[in-house]
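S.K.: Residue numbers for the sequence shown follow our numbering, so the first one is 508 and each next one is one higher.
All C-beta atoms, glycine included, are put in the ideal place defined by N, C-alpha and C.
The structure that follows is given in the form of structure tokens.
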Amino acid sequence: MSPFYRPIAPVDPPTHCVRRHARLHGPARVAAPYRRRKTCLLNDFISLGLPTVLTDSLTAGGFTEPTKIQAQAIPKLLEGRDMMGIAQTGSGKTAAFGLPILAGILTLTGRPRPLTTRALILAPTRELAVQIDEAIRKFAGSKMKLDTVLLLGGVSRYHQVKRLERGVDIVVATPGRLKDLMDDGKIKLNETRWLVLDEADRMLDMGFIAPVRAVVKAIGMKRHTMMFSATMAPEVADLAKSLLQDPVRVDASVAGSTVVKIDQRVILSGAKAKRGVLNELLASETENMERVIIFSRTKHGADRVAKNLEIDGHKAAAIHGNKSQNARQAALKGFTTGDVRILVATDIAARGIDVPGITHVVNYELPDDPENYVHRIGRTGRNGASGIAITLCDGTERGKLRDVERLIRRTLPYTGDLHLANETGVVEAPRSAYKKPSGGRPGPRSSKNPRAPQADRRSPAERRPFAEFAKDVGGRSQPHHQPSDTPRARPVDATRARPDSAPRTRPAEGGAPARGVRRDMETGKPMANNKPAGDKTKQRWGKTQKEAARSNGRSNADRQRGRA
């Protein structure tokens, strides 16, 4: 048991009814009415040992009967036991750990110290953190003075730090923003008594294991830790073993099953025809899609689907990790109020959306992890309501569909045909006339539009016919000359004679021609080398710079006299 806990005494059963019954009917029938009354008490929150302040706020909020996870977890948590809870999304996990924390805070006196918090709740996504914060405030009600702060990324932390400077009762945070504030010394966790890790399996998938361990190390060993997860993967079990102290395990999930009141079906279609299928579903009067969530596998895919829906005349908004917190909150607010009919989301936001009245969930793309399918369709059919989940599956997703069916242990009914998608009434959405140029190697050209010949990269002298070139050098074509023979003398034009002072380029001894010979662009003749005579390894700058300048000057003067 946690050293900070003072267990709350359970409510005594009423005795006046039992005594009156004994006077009227005798002692032989005393036990039966009391047993019936005790059974009724187990169906409300009073029997769980919660204080009256919380039970009154729960009654005012419309919570009359605890769920399975709440009935199993709350009594154990009030005793101060560490817990590993396993329950599916929408099962009431927030109240299961939130109500015992509020009951424990009621037993404390005074205010928390600056930069400290009494309870810390970690959530993997911003939407889930906002949902938990709103639920905690609702459970506390107006009679309980509670100071909470929400630590999220994507928004300014100025107001968050100002709230922490006064000290708070409960902090609901995402691991990233909390770790940043810890590194900057804006929050201290040495006085934190309650620690909750909600959706622990999702935290591991998102790579938050290092920030979580840093938080646990900063709190210390004197803590009451609660972990809740939708699945019990080996990684989650290892994390629970390292963080929890003599925990009690509560399993309120049904293995391999989803909400039975959700109507699930699959529509087979081509990948390019999904847009048309979605438009037909949204326009169908039989489907009656009033409030729809569409799930995409990637962030760019969510933006693309939302943009196409806007083009097709639907009010839609996208929500994913690349959106700012203000944009995500605005999208959720519009979806909650009804200004936005369709919300397009990714798997990251699947567990953080708790909006009442969602009638349909559409899987535009199947998730890579079949567990995410369960969390997706769990957005509808919450709190005992019914819902419809429709999955659009193309030929490349048949393996993922089999994984989902293997997980939920049932074969989903399907309609349509992968190969006859465009022949069964599926109309592909019109495409824009403008096509954005894409990179990559172009495909083969048709015979009607052959590729133009490649540009000639030869020099102008090389492109000239040999007959024209021969007129410049001798007036007639000369016979072929073997390279092994002695060099053949060519007549030289007197007006274009090379100065005697300029060195001539000769083939090197051994038959190999000299490299780096410059030729005239019009005639193709070797051009004069105006470099100064001497050792080629000499430096042209420094002491020999003046000599090179004088040599160039003499060569230029001789060339001018020769042209005259």
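Hey, I576 and L555: beta-carbon distance below 7 Å or not?
M.R.: no
S.K.: Assuming Q752 is part of the alpha helix (DSSP H), what are its boundary residues?
M.R.: Q752 -> no alpha helix (DSSP H), and no H or E assigned at all.
S.K.: Which of helix, strand or coil does DSSP assign to Q667?
M.R.: helix
S.K.: Are Q752 and A896 close, meaning C-beta to C-beta below 7 Å?
M.R.: no
S.K.: Looking at M710 and I593, is the spacing between their C-beta atoms short of 7 Å?
M.R.: no
S.K.: Check whether the Cβ of G885 lies closer than 7 Å to any Cβ atom in chain B.
M.R.: The structure shown contains no chain B; it holds only a single protein chain.
S.K.: What are the partner residues of L657, as DSSP defines its beta bridges?
M.R.: Per the DSSP secondary-structure output, L657 pairs in a beta bridge with V679.
S.K.: Pick helix, strand or coil for K695, following the three-state DSSP scheme.
M.R.: strand
S.K.: If we ignore side chains and look at the alpha-carbon of each, how far apart do K693 and I612 end up?
M.R.: 23 Å
S.K.: Taking its Cβ as the centre, do 16 or more other Cβ atoms sit within 10 Å of Y871, making it buried, or is it exposed?
M.R.: buried
S.K.: Among the candidates L659, D654, A823, I774, whose CA atom is the shortest distance from the CA of T624?
M.R.: Nearest Cα to T624 within the set L659, D654, A823, I774: D654.
S.K.: Take T616 as the anchor and find which of G683, A630, A680, D676 has the nearest alpha-carbon.
M.R.: D676
S.K.: Nearest by alpha-carbon distance to R664: which of L685, L789, K645 is it?
M.R.: The closest CA to that of R664, considering only L685, L789, K645, is found on L685.
S.K.: When the Cα atoms are used, what is the spatial distance from I818 to V869?
M.R.: 19 Å
S.K.: Check whether the Cβ atoms of I884 and R798 lie closer than 7 Å to each other.
M.R.: no
S.K.: Going by DSSP, what residue range makes up the beta strand (DSSP E) through M710?
M.R.: No beta strand (DSSP E) holds M710; the alpha helix (DSSP H) holding it covers 707-712.
S.K.: Please state whether DSSP places K579 in a helix, a strand or coil.
M.R.: Note that residue 579 corresponds to Gln in the displayed sequence, not to Lys. Looking at Q579 - three-state DSSP - the assignment turns out to be helix.
S.K.: Which residue comes first and which comes last in the beta strand (DSSP E) that contains Y921?
M.R.: Counting along the chain, the beta strand (DSSP E) containing Y921 begins and ends at 921-923.
S.K.: Look up H867 in the DSSP assignment and say whether it is helix, strand or coil.
M.R.: Of the three classes helix, strand and coil, the one that applies to H867 here is strand, per DSSP.
S.K.: Less than 6 Å between C-beta atoms, sequence neighbours within five positions excluded: which residues of the same chain meet that for R889?
M.R.: G597
S.K.: Look at the alpha carbon of S776 and the alpha carbon of I801, and state the distance between them as a whole number of angstroms.
M.R.: Their backbone Cα atoms lie some 17 Å apart in a straight line.
S.K.: What is the rounded straight-line gap between the Cα of A744 and the Cα of R756?
M.R.: Our two residues, A744 and R756, have alpha carbons roughly 11 Å apart in a direct line.
S.K.: Quick one: what's got a C-beta closer than 6 Å to M734's C-beta in the same chain, skipping five residues either side?
M.R.: M591, L704, A707, A747
S.K.: Skipping 5 residues on each side, what residues in its chain have a beta carbon closer than 7 Å to that of M713?
M.R.: P631
S.K.: Consult DSSP for I608 and reduce its assignment to one of helix, strand or coil.
M.R.: helix
S.K.: From the DSSP output, in three-state form, read off R772 for me.
M.R.: strand
S.K.: Does the separation of the CB atoms of T562 and I553 fall below 7 Å?
M.R.: yes
S.K.: When DSSP labels each residue in this structure, what does M651 get in the three-state scheme?
M.R.: coil
S.K.: So, do the stretch 896-914 and the stretch 818-835 have three or more beta carbon pairs nearer to each other than 8 Å?
M.R.: In short, these stretches do not touch, since the Cβ pair count stays below three.
S.K.: Assuming contact is defined by CB atoms lying nearer than 7 Å, are V656 and V678 in contact in what I supplied?
M.R.: yes
S.K.: Of the residues P877, T844, R804, which one's Cα is nearest the Cα of T1093?
M.R.: Outside the modelled stretch of the chain, which goes from 508 to 1071, sits residue 1093, for which no answer is possible.
S.K.: Tell me which residues share the same chain as M796 and place their Cβ nearer than 7 Å to its Cβ, disregarding the 5 neighbours each side in the sequence.
M.R.: L788, L789, T866, H867
S.K.: For I915 and V719, what's the separation of their Cα atoms in angstroms?
M.R.: 31 Å
S.K.: For D901, does the three-state DSSP call read helix, strand or coil?
M.R.: coil
S.K.: Cβ atoms of A825 and V784: under 7 Å apart, would you say?
M.R.: no
S.K.: Quick check on DSSP: helix, strand or coil for M689?
M.R.: Of the three classes helix, strand and coil, the one that applies to M689 here is helix, per DSSP.
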